[in-house]
Amino acid sequence: AKTWENNIVRYNISQNDGQTHDGSLGIWKGEKGMMRNCEIYNNTFYNSNPEGNSVWLYNSHPGFNFRNNIFVYNGRFLYEGHHFEHEVFQGNVYWNLSGGFELDGYKSIEEWAKATGNEMVGGFVAGIYADPLLRAPGTATITDPTKISSETLSGYRLQPGSPLIDKGLDMKALFGINQGASDILGTEIPRGKGYDIGAVEYIEE
(Lines of atoms letter the chains of each structure in order from A; the text may use other names.)
(Lines give C-alpha, C1' and ligand atoms only; values in the text may rest on other atoms or scores of the structure.)
Protein backbone atom coordinates (compact mmCIF):
# COMPACT_ATOMS: atom_id res chain seq x y z
CA ALA A 689 0.00 0.00 0.00
CA LYS A 690 1.08 3.59 -0.60
CA THR A 691 2.72 5.38 2.32
CA TRP A 692 0.36 7.73 4.19
CA GLU A 693 2.42 10.65 5.45
CA ASN A 694 2.77 14.38 6.13
CA ASN A 695 -0.82 15.12 7.09
CA ILE A 696 -2.56 17.41 9.59
CA VAL A 697 -5.64 16.72 11.74
CA ARG A 698 -6.82 19.88 13.51
CA TYR A 699 -9.93 21.67 14.83
CA ASN A 700 -12.25 18.67 14.91
CA ILE A 701 -14.77 17.48 17.49
CA SER A 702 -15.37 13.76 18.00
CA GLN A 703 -18.41 12.82 20.08
CA ASN A 704 -18.93 9.19 21.15
CA ASP A 705 -17.29 7.83 18.01
CA GLY A 706 -15.46 4.56 17.52
CA GLN A 707 -17.91 2.18 19.17
CA THR A 708 -16.64 -0.74 17.07
CA HIS A 709 -13.01 -0.36 18.09
CA ASP A 710 -13.49 1.44 21.39
CA GLY A 711 -11.67 4.65 20.63
CA SER A 712 -12.52 8.23 19.69
CA LEU A 713 -9.45 8.17 17.49
CA GLY A 714 -8.42 5.00 15.65
CA ILE A 715 -5.01 4.79 13.99
CA TRP A 716 -4.18 1.65 12.05
CA LYS A 717 -2.00 0.54 9.16
CA GLY A 718 -1.08 -3.03 8.41
CA GLU A 719 2.61 -2.40 7.77
CA LYS A 720 4.84 -0.67 10.31
CA GLY A 721 6.21 2.68 9.16
CA MET A 722 3.75 3.00 6.27
CA MET A 723 1.69 5.53 8.18
CA ARG A 724 3.85 8.35 9.51
CA ASN A 725 4.35 12.06 10.12
CA CYS A 726 1.00 13.49 11.18
CA GLU A 727 0.37 16.59 13.29
CA ILE A 728 -2.78 16.11 15.39
CA TYR A 729 -3.57 19.26 17.34
CA ASN A 730 -6.37 21.40 18.79
CA ASN A 731 -9.02 18.70 18.56
CA THR A 732 -11.65 17.72 21.12
CA PHE A 733 -12.25 14.00 21.63
CA TYR A 734 -15.22 13.16 23.86
CA ASN A 735 -16.24 9.55 24.55
CA SER A 736 -18.77 8.74 27.25
CA ASN A 737 -19.63 5.29 25.86
CA PRO A 738 -19.27 2.40 28.33
CA GLU A 739 -15.55 1.62 28.39
CA GLY A 740 -15.12 4.42 25.89
CA ASN A 741 -11.43 4.96 25.21
CA SER A 742 -9.78 7.94 23.56
CA VAL A 743 -7.21 6.21 21.35
CA TRP A 744 -7.23 2.88 19.52
CA LEU A 745 -3.76 2.25 18.14
CA TYR A 746 -2.39 -0.63 16.05
CA ASN A 747 1.30 -0.78 15.14
CA SER A 748 3.69 2.13 15.63
CA HIS A 749 3.48 5.41 13.76
CA PRO A 750 6.69 7.48 13.71
CA GLY A 751 6.23 11.22 13.53
CA PHE A 752 2.70 11.24 14.95
CA ASN A 753 2.49 14.23 17.29
CA PHE A 754 -0.53 14.93 19.51
CA ARG A 755 -0.64 18.46 20.91
CA ASN A 756 -3.23 20.86 22.40
CA ASN A 757 -5.97 18.20 22.29
CA ILE A 758 -8.75 17.47 24.78
CA PHE A 759 -9.19 13.78 25.58
CA VAL A 760 -12.31 12.99 27.62
CA TYR A 761 -12.85 9.26 28.01
CA ASN A 762 -14.71 6.72 30.10
CA GLY A 763 -12.34 4.11 31.49
CA ARG A 764 -9.03 3.85 29.63
CA PHE A 765 -7.21 6.48 27.61
CA LEU A 766 -5.55 3.88 25.37
CA TYR A 767 -7.33 0.72 24.22
CA GLU A 768 -6.37 -2.25 26.40
CA GLY A 769 -3.31 -4.19 25.28
CA HIS A 770 -1.97 -1.44 23.02
CA HIS A 771 1.11 0.69 23.68
CA PHE A 772 2.69 3.88 22.39
CA GLU A 773 6.06 3.45 20.70
CA HIS A 774 7.00 6.42 18.49
CA GLU A 775 3.97 8.67 19.04
CA VAL A 776 4.54 11.95 20.92
CA PHE A 777 2.09 13.68 23.29
CA GLN A 778 2.62 17.28 24.43
CA GLY A 779 0.32 19.89 25.94
CA ASN A 780 -2.84 17.77 25.96
CA VAL A 781 -5.64 17.62 28.53
CA TYR A 782 -6.94 14.30 29.85
CA TRP A 783 -10.10 13.60 31.85
CA ASN A 784 -11.52 10.21 32.82
CA LEU A 785 -15.27 10.20 33.44
CA SER A 786 -15.02 7.03 35.53
CA GLY A 787 -11.81 7.23 37.51
CA GLY A 788 -8.36 8.74 37.65
CA PHE A 789 -5.47 8.79 35.22
CA GLU A 790 -3.82 5.45 34.40
CA LEU A 791 -1.65 4.55 31.42
CA ASP A 792 0.75 1.62 31.11
CA GLY A 793 0.82 1.34 34.89
CA TYR A 794 1.52 5.02 35.51
CA LYS A 795 -0.95 6.65 37.90
CA SER A 796 -0.42 10.31 37.07
CA ILE A 797 0.52 12.58 34.18
CA GLU A 798 3.68 13.56 36.04
CA GLU A 799 4.74 9.95 36.56
CA TRP A 800 4.09 9.04 32.92
CA ALA A 801 5.86 12.18 31.68
CA LYS A 802 9.01 11.72 33.72
CA ALA A 803 9.27 8.03 32.81
CA THR A 804 8.61 8.30 29.06
CA GLY A 805 9.28 11.90 28.02
CA ASN A 806 5.72 12.32 26.82
CA GLU A 807 4.02 15.55 27.93
CA MET A 808 7.39 17.15 28.58
CA VAL A 809 8.19 20.53 26.96
CA GLY A 810 11.33 22.44 27.86
CA GLY A 811 11.91 20.30 30.93
CA PHE A 812 8.42 20.91 32.32
CA VAL A 813 5.28 18.75 32.37
CA ALA A 814 2.93 20.32 29.81
CA GLY A 815 0.09 17.80 30.02
CA ILE A 816 -2.89 18.42 32.30
CA TYR A 817 -5.20 15.97 34.02
CA ALA A 818 -8.29 18.01 34.86
CA ASP A 819 -11.94 18.52 34.02
CA PRO A 820 -11.81 20.78 30.94
CA LEU A 821 -15.09 22.43 32.00
CA LEU A 822 -16.86 22.10 28.67
CA ARG A 823 -20.34 23.64 28.71
CA ALA A 824 -22.42 20.58 27.80
CA PRO A 825 -20.32 17.86 26.14
CA GLY A 826 -22.19 15.03 24.46
CA THR A 827 -25.14 17.19 23.44
CA ALA A 828 -24.29 17.85 19.78
CA THR A 829 -26.89 16.29 17.47
CA ILE A 830 -25.84 17.44 14.00
CA THR A 831 -24.98 14.93 11.25
CA ASP A 832 -24.64 17.44 8.41
CA PRO A 833 -21.30 19.32 8.46
CA THR A 834 -22.94 22.31 6.79
CA LYS A 835 -24.91 22.80 10.02
CA ILE A 836 -21.80 23.41 12.12
CA SER A 837 -22.26 26.66 14.00
CA SER A 838 -21.64 28.29 17.36
CA GLU A 839 -25.16 27.17 18.36
CA THR A 840 -24.97 23.50 17.32
CA LEU A 841 -21.57 23.02 18.94
CA SER A 842 -22.09 25.29 21.93
CA GLY A 843 -21.72 22.34 24.31
CA TYR A 844 -18.02 22.18 23.46
CA ARG A 845 -17.27 25.76 24.38
CA LEU A 846 -15.15 26.29 27.47
CA GLN A 847 -16.76 27.61 30.62
CA PRO A 848 -15.25 30.59 32.46
CA GLY A 849 -12.51 29.34 34.72
CA SER A 850 -11.57 26.40 32.50
CA PRO A 851 -7.93 25.34 33.06
CA LEU A 852 -7.53 25.18 29.27
CA ILE A 853 -7.89 28.90 28.58
CA ASP A 854 -4.61 30.41 27.32
CA LYS A 855 -2.76 27.16 28.21
CA GLY A 856 -2.20 25.80 24.70
CA LEU A 857 1.25 25.39 23.22
CA ASP A 858 2.34 28.00 20.67
CA MET A 859 2.97 25.60 17.80
CA LYS A 860 4.76 28.18 15.65
CA ALA A 861 7.18 29.27 18.35
CA LEU A 862 7.93 25.77 19.61
CA PHE A 863 7.73 23.58 16.51
CA GLY A 864 7.51 25.88 13.49
CA ILE A 865 3.93 24.78 12.78
CA ASN A 866 1.32 27.30 11.63
CA GLN A 867 -1.79 26.78 13.78
CA GLY A 868 -4.00 28.63 11.35
CA ALA A 869 -6.06 31.78 11.86
CA SER A 870 -9.30 30.37 13.30
CA ASP A 871 -10.86 27.50 15.25
CA ILE A 872 -13.59 25.08 14.14
CA LEU A 873 -16.22 27.82 14.43
CA GLY A 874 -14.22 30.43 12.55
CA THR A 875 -13.24 32.33 15.68
CA GLU A 876 -9.95 34.17 15.30
CA ILE A 877 -7.12 32.65 17.36
CA PRO A 878 -5.61 33.37 19.74
CA ARG A 879 -8.05 35.70 21.47
CA GLY A 880 -6.44 35.99 24.89
CA LYS A 881 -2.88 35.89 26.17
CA GLY A 882 -2.30 32.56 24.44
CA TYR A 883 -3.88 29.71 22.51
CA ASP A 884 -6.53 27.55 24.17
CA ILE A 885 -6.50 23.76 24.25
CA GLY A 886 -9.13 21.98 22.15
CA ALA A 887 -11.09 22.74 19.00
CA VAL A 888 -13.04 25.77 20.27
CA GLU A 889 -11.39 29.00 21.38
CA TYR A 890 -12.85 30.57 24.52
CA ILE A 891 -14.86 33.76 24.01
CA GLU A 892 -15.65 35.89 27.05
CA GLU A 893 -19.31 36.84 27.13
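For the sequence shown, the numbering used here gives the first residue as 689, with consecutive numbering after it.
Virtual Cβ for every residue (Gly too), placed ideally from N, Cα, C.
Between the stretch 791-809 and the stretch 822-829, the count of Cβ pairs shorter than 8 Å is below three; the stretches do not touch. By the criterion of at least three beta-carbon pairs nearer than 8 Å, the stretch 799-819 is not in contact with the stretch 829-840. Taking C-beta atoms as the reference points, F754 and N780 count as a pair closer than 8 Å. In the structure shown, S702 adopts extended strand secondary structure according to DSSP, grouped into three states.
DSSP, reduced to helix, strand and coil, places T732 within a strand of the structure shown. For W692, the pairing in a beta bridge is given by DSSP as M723. Pairing T732 with I696 gives a Cβ-Cβ distance that is not under 8 Å. Note: I758 is bridge-paired with T732, V781 in the DSSP secondary-structure output.
Secondary structure of S842 (DSSP, three-state): helix. About 13 Å separates the beta carbon of T875 from that of I853, a gap too long to meet the 8 Å contact definition.
C-alpha of F789 to C-alpha of N730: approximately 21 Å in a straight line. Annotated three-state conformation of E799 is helix, per DSSP.
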